[in-house]
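Here is the structure we will look at, set down as structure tokens.
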Amino acid sequence: MKLPEAAGLALAFIARLVTGAQGHWHGSTPKAEQRIYFANHQSHFDWVLIWAALPRDLRAATRPIAARDYWTATPLKHWITREIFNAVYVSRQRSKDAPAPGEDEDPLEPLMEALRNGDSLVIFPEGTRGHGAEPASFKSGLFALAQAFPEVQLIPTWIDNVQRVMPKGEVVPVPILCAVVFGKAIALAPGEERRAFLDRARAAVMALRDVA
Amino acid sequence: MGQLRTLSVTQQVGLLFVFLFGLLSLVTLIAFSRSFRDVSAERQAGRERLARELRALWISALLFWIAWASGPFVSTLLFGLVSFFALREFVTLTHTRRADHRALLLAFFVILPAQYVLVGTRQFNAFTVFIPVYVFFAIPVISALANDPFRFLERTAKIQWGITVCVYGMSHAPALLLLELPNYRDRGAFLVLFLVIVVVVAQLGQDAASRRMRRRPVARAISRSFSWRAFAVGAALAGIAGVLLFWTTPFKPLPALAMGAIAGAAGTLGEFVMKALQRDAGARNWQGGSSVTGAVGLLDRVAPLCFAAPVFFHSVRWYFGN
Numbered sequence: 001m002k003l004p005e006a007a008g009l010a011l012a013f014i015a016r017l018v019t020g021a022q023g024h025w026h027g028s029t030p031k032a033e034q035r036i037y038f039a040n041h042q043s044h045f046d047w048v049l050i051w052a053a054l055p056r057d058l059r060a061a062t063r064p065i066a067a068r069d070y071w072t073a074t075p076l077k078h079w080i081t082r083e084i085f086n087a088v089y090v091s092r093q094r095s096k097d098a099p100a101p102g103e104d105e106d107p108l109e110p111l112m113e114a115l116r117n118g119d120s121l122v123i124f125p126e127g128t129r130g131h132g133a134e135p136a137s138f139k140s141g142l143f144a145l146a147q148a149f150p151e152v153q154l155i156p157t158w159i160d161n162v163q164r165v166m167p168k169g170e171v172v173p174v175p176i177l178c179a180v181v182f183g184k185a186i187a188l189a190p191g192e193e194r195r196a197f198l199d200r201a202r203a204a205v206m207a208l209r210d211v212a
Numbered sequence: 213m214g215q216l217r218t219l220s221v222t223q224q225v226g227l228l229f230v231f232l233f234g235l236l237s238l239v240t241l242i243a244f245s246r247s248f249r250d251v252s253a254e255r256q257a258g259r260e261r262l263a264r265e266l267r268a269l270w271i272s273a274l275l276f277w278i279a280w281a282s283g284p285f286v287s288t289l290l291f292g293l294v295s296f297f298a299l300r301e302f303v304t305l306t307h308t309r310r311a312d313h314r315a316l317l318l319a320f321f322v323i324l325p326a327q328y329v330l331v332g333t334r335q336f337n338a339f340t341v342f343i344p345v346y347v348f349f350a351i352p353v354i355s356a357l358a359n360d361p362f363r364f365l366e367r368t369a370k371i372q373w374g375i376t377v378c379v380y381g382m383s384h385a386p387a388l389l390l391l392e393l394p395n396y397r398d399r400g401a402f403l404v405l406f407l408v409i410v411v412v413v414a415q416l417g418q419d420a421a422s423r424r425m426r427r428r429p430v431a432r433a434i435s436r437s438f439s440w441r442a443f444a445v446g447a448a449l450a451g452i453a454g455v456l457l458f459w460t461t462p463f464k465p466l467p468a469l470a471m472g473a474i475a476g477a478a479g480t481l482g483e484f485v486m487k488a489l490q491r492d493a494g495a496r497n498w499q500g501g502s503s504v505t506g507a508v509g510l511l512d513r514v515a516p517l518c519f520a521a522p523v524f525f526h527s528v529r530w531y532f533g534n
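Sequence lines, in order, name chains A and B. Residues 1 to 212 in the numbering used here are what the first sequence spells out, letter by letter. Residues 213 to 534 in the numbering used here are what the second sequence spells out, letter by letter.
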């Protein structure tokens, strides 16, 4: 076993010790199909929790999105996201005014490429960590991905309780039981409007709250 | 019994475990052979409950065996882990706020390990006062530093209560394993087993009695089955179990009766208190219910022990005057 793999197992073990990290499947089953899991976002711990709740053989093919400026800043952060999680790096700042030549890369392009390779993704369509009880409205990236890859399953995911484990601004997690609920796949209807689809996706995530 | 006394301590304890596992295997076999018959849905539910209970018993029996076979260090560690899981469940059920984060970190990662280190190194005086004196003082200080006055007393009290039950109470079980009594060296495993058996007997006795007698419940809003008479039956049965087991303990028969009754009573009252807490948290049952995220039902199982262990431990120490 190589170091990244061992570190990954250790990390998953710690996540389970701290939160239980129970995965509940309602309406979908843990299968090795190409998927986009989209979830509510409340803490830095969210990704680790989803990752630990997935069966071990699905973890390798399921990749998170990481902000390039933050997660490549130090060798350790870079190593963790690259070697353990196999993260897809995206640039956060889209040069707004006067894009320099060669720099106006579509921020979704790395995601599209990962999907073309057949990988599964976990995305947080709120864009940022929320602190209210309800997730903020979804950003349009999910819609673009659904449009470009109609054959990829879109699995709504609700993460319960995690904001208590690691509130914004804290670094050490407190042991509290959490659950990750995976719901029934949704699909983009023919001719469906962007806003309507995003609201439907958000509702699908929130509907899982009552199941948790 | 005379022959048993001539065996070495290790052989006695070994025999105890052979007996325990034999009994469990027998019950499991009977339950398994019965599971082939068709029965009504109601009986089926009862059967599933039995299967769950049996699994829990197997796990705890195996834990005891590992704890005893691998010496004080590992056993302290094991009880520490159980304590950790129980506290995790307790904190999940109580509503804490952001400002409690540091206090909770202190509870999980400083207080809990420190308490078990004190037990493992047999510093019984420090272990007895560490939580009631120093932690009692430290938790509100940390909470106040978090700069959030909203329901301050309530939040602090919840954390302190959780620590007292899940850490302080539970840590008295390994303390019994390590307690050195005159003429009773290395036989702490018997004391723990004595405690567990009388607590279980008291619970079962109380359950059966409340079902038979249909007395008026003392506190209907909290438990429909708790009545004083059922409680007395449970405690009395625990006392009788204590007398029957007196040869495994350092007590004479009469004190063994008293010890059994005291520990059994403490255990059932502890369970009663936990029921009140469950009602408060809105969970009818620790493991079911939609509001409680994946709580595993461990707290429910260990709570009677958490309440009975300190009472029993200090009764034993007081009895021997050390």
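Where a beta carbon is used, it is the ideal one built from N, C-alpha and C, also for glycine.
Quiz item: Taking C-alpha atoms, which residue in A:A61, A:E192, A:Q42, A:P173 lies nearest to G132 (chain A)?
Solution: A:Q42
Self-check item: Three-way DSSP call (helix, strand, coil) for Q163 (chain A) in this model
Solution: helix
Self-check item: Spatial neighbours of L391 (chain B) in its chain, beta-carbon cut-off 8 Å, leaving aside the 5 residues before and after
Solution: F336, G400, L403, F525, V528, R529
Quiz item: Cβ of I354 (chain B) within 8 Å of Cβ of A315 (chain B)?
Solution: yes
Practice problem: Identify every run of the beta strand (DSSP E) within the region 405 to 433 of chain B, keeping only runs that are complete inside it and at least 3 residues long; order them along the chain. | Solution: none
Practice problem: Report the option in B:R310, B:L481, B:A453 whose CA atom is closest to the CA atom of K168 (chain A). | Solution: B:R310
Quiz item: Counting only beta-carbon atoms, is L316 (chain B) nearer than 8 Å to chain A?
Solution: yes
Quiz item: Short check: CB of G23 (chain A) to CB of A61 (chain A), under 8 Å?
Solution: no
Quiz item: In the region 155 to 171 of chain A, which residues sit with their C-beta less than 7 Å from some C-beta in chain B, listed in chain order?
Solution: D160, N161, R164, P167, E170
Quiz prompt | Endpoints, the alpha helix (DSSP H) within which T480 (chain B) is located | solution = 465 to 493
Self-check item: Bridge-paired residues (DSSP) for H24 (chain A)
Solution: A:V181
Quiz prompt | Separation of F244 (chain B) from Q224 (chain B), as counted between CA atoms | solution = 30 Å
Exercise. Give the interface partners of F320 (chain B) over in chain A, defined as CB-CB distance under 7 Å, in chain order.
Key: V174, P175
Quiz item: In terms of DSSP beta bridges, what is Q153 (chain A) paired with?
Solution: A:R35
Quiz item: Apart from the five residues on each side of it in sequence, which residues of its chain come closer than 7 Å, Cβ to Cβ, to L142 (chain A)?
Solution: F38, I123, P125, L198, A201
Practice problem: Give the straight-line distance between the Cα atoms of Q418 (chain B) and S272 (chain B), rounded to the nearest whole angstrom. | Solution: 22 Å
Quiz item: Between which two residues does the alpha helix (DSSP H) carrying L293 (chain B) extend?
Solution: 283 to 305
Quiz item: Using a C-beta to C-beta distance shorter than 9 Å, which residues of chain A count as neighbours of V303 (chain B)?
Solution: R164, V174, P175, I176, L177
Quiz item: What are the boundary residues of the alpha helix (DSSP H) that V528 (chain B) is part of?
Solution: 510 to 531
Exercise. Quick one: grab the DSSP three-state call for I186 (chain A).
Key: strand
Practice problem: Kindly list the residues whose CB is nearer than 7 Å to the CB of A114 (chain A), restricted to its own chain and excluding five residues on each side of it in sequence; keep chain order. | Solution: R63, V88, L121
Quiz item: By the 10 Å Cβ neighbour count, where 16 or more other Cβ atoms means buried, how is D46 (chain A) classified, buried or exposed?
Solution: buried
Quiz item: Any Cβ of chain A within less than 8 Å of the Cβ of H526 (chain B)?
Solution: no
Quiz item: From L357 (chain B) to R363 (chain B), what distance separates their C-alpha atoms?
Solution: 14 Å
Quiz item: In three-state terms, what does DSSP make of Y89 (chain A)?
Solution: strand
Quiz item: Which chain A residues sit within Cβ distance under 7 Å of R310 (chain B)?
Solution: P167
Quiz prompt | Sufficient close CB pairs (3 or more, under 8 Å) joining the region 366 to 384 of chain B to the region 510 to 519 of chain B | solution = yes
Quiz prompt | Interface residues of chain A facing R300 (chain B) [CB-CB closer than 7 Å] | solution = P175, I176, L177
Quiz item: With DSSP run on the structure shown, which of helix, strand or coil describes R63 (chain A)?
Solution: strand
Quiz prompt | Assigned exposure category for R59 (chain A) - 16 Cβ within 10 Å defines buried | solution = buried
Quiz item: Once you ignore the five residues that flank N359 (chain B) on each side, which residues in its own chain have a CB closer than 8 Å to its CB?
Solution: A311
Quiz item: Taking just the CA atoms, how far does G130 (chain A) sit from V165 (chain A)?
Solution: 14 Å
Self-check item: Span of the beta strand (DSSP E) around V455 (chain B)
Solution: No beta strand (DSSP E) contains V455 (chain B), which is instead part of the alpha helix (DSSP H) from 440 to 456.
Exercise. Could you have a look at A98 (chain A) and say whether DSSP puts it in helix, strand or coil?
Key: At A98 (chain A), the pLDDT of 45 sits below 50, so the modelled position is not reliable; the number obtained from the coordinates is stated separately. If DSSP states are grouped into helix, strand and coil, A98 (chain A) belongs with coil.
Self-check item: Own chain, CB closer than 7 Å to P4 (chain A), minus 5 neighbours either side, in chain order
Solution: E83, I84
Practice problem: Starting from the C-beta of P352 (chain B), find all residues in its chain whose C-beta is less than 6 Å away, skip the five residues before and the five after it, and write them out in chain order. | Solution: T368
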